[in-house]
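**Student:** In this note's numbering, the protein residues as written are 64 to 390.
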Amino acid sequence: MYYNKSMIKFVDFKKHVAEGKFEAVYAMMGEDDFLRRSAVAMLEKIVDMPQLDVACYGDDSDVGEMIADYSQLPMMSRYKLMKCSFENKPYREAERFLQHVQKHPNPAAIVAFDERTLPSCLAGGNVGKYCVVDCARLDKPMVIRWLADKSKRSNASISRDAAELLADYCGNSLMRIDTEFEKLAAVKCGERIEDIDVKAFVAPDGDFKIYELSDALAKKDTDRTYLIYDSLIVNTAPVAIIGALYSHFRRLLYAAISDFDRETLSRYLRVKPYAIDMAARQAKQYSPKRLKRIIDRLSNIDADFKAGRISDRLALDAFIAETLLTA
Numbered sequence: 064m065y066y067n068k069s070m071i072k073f074v075d076f077k078k079h080v081a082e083g084k085f086e087a088v089y090a091m092m093g094e095d096d097f098l099r100r101s102a103v104a105m106l107e108k109i110v111d112m113p114q115l116d117v118a119c120y121g122d123d124s125d126v127g128e129m130i131a132d133y134s135q136l137p138m139m140s141r142y143k144l145m146k147c148s149f150e151n152k153p154y155r156e157a158e159r160f161l162q163h164v165q166k167h168p169n170p171a172a173i174v175a176f177d178e179r180t181l182p183s184c185l186a187g188g189n190v191g192k193y194c195v196v197d198c199a200r201l202d203k204p205m206v207i208r209w210l211a212d213k214s215k216r217s218n219a220s221i222s223r224d225a226a227e228l229l230a231d232y233c234g235n236s237l238m239r240i241d242t243e244f245e246k247l248a249a250v251k252c253g254e255r256i257e258d259i260d261v262k263a264f265v266a267p268d269g270d271f272k273i274y275e276l277s278d279a280l281a282k283k284d285t286d287r288t289y290l291i292y293d294s295l296i297v298n299t300a301p302v303a304i305i306g307a308l309y310s311h312f313r314r315l316l317y318a319a320i321s322d323f324d325r326e327t328l329s330r331y332l333r334v335k336p337y338a339i340d341m342a343a344r345q346a347k348q349y350s351p352k353r354l355k356r357i358i359d360r361l362s363n364i365d366a367d368f369k370a371g372r373i374s375d376r377l378a379l380d381a382f383i384a385e386t387l388l389t390a
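1. Measure the C-alpha to C-alpha separation of Val126 and Tyr154 and round it to an integer number of angstroms.
2. Can you give, in chain order, each stretch of the alpha helix (DSSP H) that sits fully within the region 266-311 and has at least 4 residues?
3. Look at Arg325 and Ile339 and say whether their C-beta atoms are less than 7 angstroms apart.
4. Quick one: grab the DSSP three-state call for Val174.
5. What does DSSP give as the partner residues of Ala118 in its beta bridges?
6. Between Val117 and chain D, is the shortest Cβ-Cβ distance under 7 angstroms, so that the two count as touching?
7. Would you call the region 192-209 and the region 71-86 touching, i.e. three or more CB-CB distances under 8 angstroms?
8. Starting from Val88, trace the beta strand (DSSP E) both ways and give me its first and last residue.
9. Using C-beta distances below 6 angstroms, list every residue in its chain close to Met70, excluding the 5 sequence neighbours before and after it, in chain order.
10. Using CA atoms only, rank isn't needed, just tell me which of Asp111, Asp116, Lys203, Asp95 is closest to Arg57.
11. Roughly how many whole angstroms lie between the Cα atoms of Asn169 and Lys251?
12. Indicate whether Asp96 and Met205 have their beta-carbon atoms separated by less than 7 angstroms.
13. Do Val88 and Val174 have their CB atoms nearer than 7 angstroms?
14. Can you name the start and end residues of the beta strand (DSSP E) that Lys152 belongs to?
15. Drop a sphere of 10 angstroms on the beta-carbon of Cys233, count the other beta-carbons inside from all chains shown, and report buried for 16 or more, exposed for fewer.
16. Going by the CB atoms, is the gap between Leu144 and Leu164 shorter than 7 angstroms?
17. Let me check understanding here. Comparing Cα to Cα, which of Ser101, Val103, Ala171, Phe176 lies closest to Ala90?
18. Among Val302, Asp375, Glu275, Pro301, which residue has its Cα nearest to the Cα of Leu290?
19. Is the separation between the beta-carbon of Asp111 and that of Ser134 shorter than 7 angstroms?
20. Using a 10 Å radius around the Cβ and a threshold of 16 neighbouring Cβ atoms, would you call Thr386 buried or exposed?
21. Along the chain, where does the beta strand (DSSP E) containing Asp359 start, and where does it finish?
22. Got a sec? Which residues, its chain only, sit under 8 angstroms from Asn189 by beta carbon, not counting five neighbours each side?
23. Determine the DSSP secondary structure at Ile71, reduced to helix, strand or coil.
24. If you compare alpha carbons, which of Leu210, Asn298, Asp258 is closest to Asp224?
25. Could you say which of Glu178, Thr288, Ile273, Ala366 lies nearest to Arg99 if we only look at CA atoms?
26. Helix, strand or coil for Val164? Go by DSSP, reduced to three states.
27. Out of Gly306, Ala172, Thr299, Thr288, which one is the CA nearest neighbour of Leu366?
28. Measuring alpha carbon to alpha carbon, tell me which of Ser236, Cys147, Thr288 ends up nearest Phe382.
29. I'd like to confirm the pairing. Which residues does DSSP put opposite Val196 in its beta bridges?
30. Look at the alpha carbon of Tyr309 and the alpha carbon of Glu94, and state the distance between them as a whole number of angstroms.
31. Starting from Ile240, trace the alpha helix (DSSP H) in both directions and tell me its first and last residue.
32. Indicate the three-state DSSP secondary structure (helix, strand or coil) for Ile221 in the structure shown.
33. Relative to the C-alpha of Val265, which residue among Glu243, Phe271, Ala279, Thr285 is closest?
34. Is it the case that the Cβ atoms of Ile304 and Pro351 are separated by a distance below 7 angstroms?
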């Protein structure tokens, strides 16, 4: 059994479903939309006749009818699935339905919620036990394995370097990776996807651009530093870049000196575990002392432009030049 505030990870959910020992209520939680949808799809697959025994319920659904539907046996399947979206449903109505589910469980009925439409009474944990499926972004090795399986199913091969770069560009978001892979496969028309194709057709997210800028600064690669910096400054306000750099280098420092494990550190810094993994790899390019000096410099820059002593763009230009020149 999985109780309030405990979780089963997405990677273990397929085995859980295969075992056939279902909970009455599942809550798909985590920031990866693709995984949340996939988790619900796993439950749909156990329904023999989904057109008859899979139903959707929303804010406008009558609770009395939902309770009656829940209590009935499936029409043509062993199990029935009730996909519920209670984003704005009155608290008492949602609570009434869920308390009925807990007090009068129907072993042939399964209720599933998505995090975006989780009723407050369920999130508060006052309606009994339920199973939380942790749909946080997968770590990079799992994403690479997923891409390998995806390429086999699609008959569109992708090199290891390209797969790693695509994962980095998309921040390990399977929703975006799936879309970008389909686009790359269409462009390549059966040829293997290489890292040069990812660079040509996939735009890296903002976090990865900051990661690349930090990498170039660590290696004191002036040309690459300014190439990345110029691409950032075109569409991003200098003050936003300063804030992103401060958060990034602070993360590197913690990754370099902290004894916390990745899960604990990710919770403390309020970032995803994959971000801690990337920070730990890049932190090795800097000494802790250099990281501390960079953080102090960014803090001083922030204070200077807020006090009107220097413009944010000039302060950022100076920081880039100084970081390239100093050890």
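Beta carbons: idealized from backbone N, C-alpha and C, even for Gly.
**Tutor:** According to the data block:
1. By 1-based counting over the sequence shown, the position of residue 126 is 63. By 1-based counting over the sequence shown, the position of residue 154 is 91. In a straight line, the C-alpha of Val126 is about 12 angstroms away from that of Tyr154.
2. Whole alpha helix (DSSP H) segments, 4+ residues: 269-281, 285-298.
3. Reading the sequence shown from its first residue, position 262 is the one you call residue 325. Reading the sequence shown from its first residue, position 276 is the one you call residue 339. Yes. Within cutoff.
4. For the purposes of this step, residue 174 is taken as the residue at position 111 of the sequence shown. Strand.
5. Start at 1 with the first residue of the sequence shown, and residue 118 comes out as number 55. Answer by DSSP bridge pairing, in chain order: Met145.
6. The chain labelled as chain D is not found in the depicted structure, where only one protein chain is given.
7. Touching, yes, given that three or more Cβ pairs across the two stretches are closer than 8 angstroms.
8. On the sequence shown, residue 88 is found 25 positions in, with the first residue counted as 1. Counting along the chain, the beta strand (DSSP E) containing Val88 begins and ends at 88-92.
9. Counting from one through the sequence shown, the residue named residue 70 turns up at place 7. The beta carbon of Met70 is closer than 6 angstroms to those of Val195, Asp197 in its chain, skipping five residues each way along the sequence.
10. Residue 57 falls outside the range modelled here, since the chain spans only 64 to 390, and no answer is possible.
11. If you number the sequence shown from 1, residue 169 lands on position 106. If you number the sequence shown from 1, residue 251 lands on position 188. Note on geometry: alpha-carbon atoms of Asn169 and Lys251 lie some 50 angstroms from one another.
12. Taking the first residue of the sequence shown as 1, we reach residue 96 at position 33. Taking the first residue of the sequence shown as 1, we reach residue 205 at position 142. When the beta-carbon positions are compared, Asp96 and Met205 stay at least 7 angstroms from each other.
13. Mapped onto the sequence shown, residue 88 falls at position 25. Mapped onto the sequence shown, residue 174 falls at position 111. For Val88 and Val174, yes; Cβs fall inside 7 angstroms.
14. Residue numbering aside, residue 152 sits at position 89 when the sequence shown is read from its first letter. Careful: Lys152 lies outside any beta strand (DSSP E) and carries neither H nor E.
15. Here residue 233 refers to the residue found at position 170 when the sequence shown is read from its first residue. The residue in question, Cys233, is buried, as its Cβ has 16 or more Cβ neighbours within 10 Å.
16. What you label residue 164 is simply residue 101 of the sequence shown in a count that begins at 1. What you label residue 144 is simply residue 81 of the sequence shown in a count that begins at 1. In the sequence as presented, Leu is not what sits at residue 164; that position holds Val. In this structure, Leu144 does not lie closer than 7 angstroms to Val164 by Cβ.
17. As a first step, residue 90 must be located in the sequence shown, where it is residue number 27. Residue Phe176 is the option with its Cα nearest to Ala90.
18. Working through the sequence shown from its first residue, we reach residue 290 at position 227. Of the listed residues, the one whose Cα sits closest to Leu290 is Glu275.
19. Within the sequence shown, the letter at position 48 stands for residue 111. Within the sequence shown, the letter at position 71 stands for residue 134. In this structure, Asp111 keeps its C-beta atom at 7 angstroms or more from the C-beta atom of Ser134.
20. Counted from its first residue, the sequence shown places residue 386 at position 323. Counting every other CB atom within 10 Å of its CB across the protein chains shown gives Thr386 a total of 16 or more, marking it as buried.
21. In the sequence shown, the residue the question calls residue 359 occupies position 296. Counting along the chain, no beta strand (DSSP E) covers Asp359; the unbroken alpha helix (DSSP H) around it starts and ends at 351-369.
22. As a position in the sequence shown, residue 189 is number 126, starting the count at 1. Interpretation of Asn189 is limited by its pLDDT of 48, a score under 50 that renders its predicted location unreliable; the figure taken from the coordinates is listed afterwards. A distance below 8 angstroms between beta-carbons, with the five flanking residues on each side excluded, links Asn189 to the following residues of its chain, in chain order: Glu158.
23. The count along the sequence shown starts at 1 and reaches residue 71 at position 8. Ile71 falls in the strand class under three-state DSSP.
24. Working through the sequence shown from its first residue, we reach residue 224 at position 161. Per the Cα distances, Asp258.
25. In the sequence shown, the residue the question calls residue 99 occupies position 36. For Arg99, the nearest C-alpha among the options comes from Glu178.
26. Mapped onto the sequence shown, residue 164 falls at position 101. Of the three classes helix, strand and coil, the one that applies to Val164 here is helix, per DSSP.
27. Sequence index remark: in the sequence shown, residue 366 carries index 303 (1-based). Correcting the residue type first, residue 366 is Ala in the shown sequence and not Leu. Of the candidates Gly306, Ala172, Thr299, Thr288, the one whose C-alpha sits nearest the C-alpha of Ala366 is Gly306.
28. One-based indexing of the sequence shown puts residue 382 at position 319. Distance check between Phe382 and each of Ser236, Cys147, Thr288 places Thr288 closest, using alpha-carbon atoms only.
29. Here residue 196 refers to the residue found at position 133 of the sequence shown. Bridge partners of Val196: Ile71, Met91.
30. Numbered from 1 along the sequence shown, position 246 holds the residue referred to as residue 309. Numbered from 1 along the sequence shown, position 31 holds the residue referred to as residue 94. Tyr309 and Glu94: Cα-Cα distance of roughly 24 angstroms.
31. Position 177 of the sequence shown holds residue 240. Per DSSP, Ile240 belongs to the alpha helix (DSSP H) from 237-251.
32. Against the sequence shown, residue 221 aligns to sequence position 158. Correct three-state label for Ile221: strand.
33. Stepping through the sequence shown from its first residue, residue 265 is reached at position 202. Closest option to Val265, Cα to Cα, is Glu243.
34. Working through the sequence shown from its first residue, we reach residue 304 at position 241. Working through the sequence shown from its first residue, we reach residue 351 at position 288. The answer is no: Cβ separation not under 7 angstroms.
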